[in-house]
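First the structure, in the form of C-alpha cells, and then the observations on it.
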Amino acid sequence: MTEQPSTVTIRTAIPSVFDAGLPTLDYDLTTTPAQLYPRLVAAQQQAPIALGPFGPEVLSYELVRTVLRDSRFQIPPGLNLAVQGITSGPLWDKIVNSLLGLEGPEHQRVRGVVSKAFTPRAVERLHATIVDVIDEIVQPLSRQGHCDVV
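Under this note's numbering, the first residue of the sequence shown carries the number 1423, and numbering increases by one thereafter.
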C-alpha cells in the first residue's frame, strides 16, 4: 500500500491596502491645488500609493499611466455623484449611460460613432466657434480678476 503525501492547507487573510500603513491624504472638493500639493509631495516621499478620502490613490505619472492602461482597474460609473449622495435620478442616468460610464463592447460601439467628431481635422474646423463660446463664457468672469477654468 502506497502512502499518500499529506497536504497542509494554510489559510491566510488576503492583504488589504488599508492595512499597509500607507500615508493618508485628507482633502475635499474645496481644497485648492496649492493647498494639496505639499501634502502630495510629502505622501510621495513615503510611498507610491496613498489613501485618499475616496480610496487608494497612485502618486506618480508612471503608476497612473499603468493603472489607466490596465483593464482590471475600473472607476465605477457615477462615482463622483455617489460620493455626493446622488445614486439615482436623471443626472445619475445621464452620467452612468454616457461614453465615460460605459464598459467593453458598448463603450467601443459608442466611441466608434463619436470618434470621427474629435479628429484633429474636425476639431480644427470648430476652432473659431470654440474660441467664441469660451470668450462668451469667460469674458463676464474677467471682471472678477481671477477664476479657475477646467
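Think of the CB as a built atom: it goes at the ideal place given N, C-alpha and C, for glycine as much as any other residue. On a predicted model such as this, the values are computed, not experimentally measured, just so you know.
Unbroken beta strand (DSSP E) run spanning residue i, endpoints
i, result
"I1471", "I1471 to G1474"
"R1527", "Checking the sequence, you will find Pro at residue 1527 rather than Arg. Per DSSP, P1527 belongs to no beta strand (DSSP E); it is in the alpha helix (DSSP H), G1526 to V1536."
"V1480", "G1477 to V1480"
Length of the line joining the Cα atoms of residue i and residue j
i, j, result
"L1458", "V1571", "18 Å"
"P1517", "Q1566", "Residue identity differs from the one stated: residue 1517 is Ile in this sequence, not Pro. Each residue's alpha carbon lies about 31 Å from the other."
"Q1467", "R1494", "27 Å"
"A1456", "C1569", "14 Å"
"D1554", "P1562", "13 Å"
"L1462", "P1475", "13 Å"
"L1548", "A1539", "10 Å"
"F1440", "V1505", "19 Å"
"L1490", "V1560", "32 Å"
"E1479", "Q1530", "27 Å"
"T1452", "L1503", "16 Å"
"Y1449", "P1542", "37 Å"
Residue i, buried or exposed, once every other Cβ within 10 Å from all chains shown has been counted against 16
i, result
"L1473", "buried"
"G1534", "exposed"
"G1589", "With the chain represented from 1423 up to 1572, any question about residue 1589 goes unanswered, as that position is not in the structure."
"G1477", "exposed"
"G1500", "buried"
"A1464", "exposed"
Start-to-end residues for the alpha helix (DSSP H) that takes in residue i
i, result
"V1486", "Y1483 to R1491"
"P1562", "P1542 to S1564"
"P1460", "P1455 to Q1468"
"V1518", "P1512 to V1518"
"L1501", "L1501 to A1504"
Minimum Cβ-Cβ distance from residue i to chain B less than 8 Å
i, result
"V1560", "Included in the structure is just one protein chain, with no chain B present."
Given residue i as reference, the closest of the options once Cα atoms are compared
i, options, result
"T1446", "T1453, T1454, A1539 and I1471", "I1471"
"G1523", "S1564, Q1496, R1543 and T1453", "Q1496"
"P1498", "D1557, T1488 and W1514", "W1514"
Three CB pairs or more closer than 8 Å across the stretch 1478-1492 and the stretch 1506-1519: No, the stretch 1478-1492 is not in contact with the stretch 1506-1519.
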